[in-house]
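Read the structure below first, then the notes.
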Amino acid sequence: MIRVLIVDDHSIVRDGLKRILAATADLQVTGEAASGEAALALVKANDYDVAMLDMSMPGLSGMDLIKRLKLEKPKLRILVLSMHGEQQYAARALKAGASGYLHKDSAAEMLLGALRKIAAGGVHIGDAAAAALLQAKEGLPHESLSDREFEVLRLLVEGLGPTEIGERLHLSVKTVSTHKTHILEKLNVKSTAELVRYALEHRLV
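All residue numbers for the sequence shown refer to this note's numbering, where the first residue is 345 and numbers rise by one.
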């Protein structure tokens, strides 16, 4: 039996995932958490084969959560289930320690297949993720961004201001502004408009 931990801040999503897994004979949901902090506490106290987690949640989430979970239980397999496209985050998620990346629009059969593959020691990525990994090897400018800078970049491109980004990521406005300065320097662009253009050209949004 493959023991699965579901981590998502939306109860309707967790309920839907539980129903999908309940129809199988080899996958069992043995834990669920609505936040990264709760997930970390569960992983410390229990053993799971696969943690299936959302990329964007309030508080501890994303790359930080993946790294913390892997530090706590190195053998834990992690499947990222996200609304963000593979092109944006898959390479970074795998680098952080995830074993797979799946878009939330994927069919139930694909989800079950990914969970089984990952539990067996494999890695699950789609074509877009493979392209992103290839880009990473080519050393494009945005690959030099830290995970936090990449988060700030994504939110800037979405149109959020420094104050909103600070609230979302629990950072001071000054820290966000510093990250933005570093992002512009690393990507060799001079304005937010050029930043948006770069993100579109490289399919980061």
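We put the beta carbon where it would ideally sit given N, CA and C, even for glycine.
{"Asked": "Close-in-space but distant-in-sequence residues of the same chain around I462 (CB under 7 Å, 5 per side omitted)", "Found": "V394, R421, L423, S443, G444 and H468"}
{"Asked": "Cα-Cα separation between L365 and E538, rounded to whole angstroms", "Found": "44 Å"}
{"Asked": "Close-in-space but distant-in-sequence residues of the same chain around S516 (CB under 7 Å, 5 per side omitted)", "Found": "G510"}
{"Asked": "Beta-bridge partners of Y445, as assigned by DSSP", "Found": "V424"}
{"Asked": "Collapsed DSSP secondary structure at G466 in the structure displayed", "Found": "coil"}
{"Asked": "Among H546, S490 and Y542, the one whose alpha carbon lies nearest that of T522", "Found": "S490"}
{"Asked": "Straight-line Cα distance separating L456 from P485", "Found": "35 Å"}
{"Asked": "Proximity winner among P402, G465, H354 and V533, relative to L497 (alpha-carbon distances)", "Found": "V533"}
{"Asked": "Opening and closing residue of the alpha helix (DSSP H) in which V533 lies", "Found": "Neither: V533 is in no alpha helix (DSSP H) and is coded neither H nor E."}
{"Asked": "Spatial distance of L397 from R512 (CA atoms)", "Found": "18 Å"}
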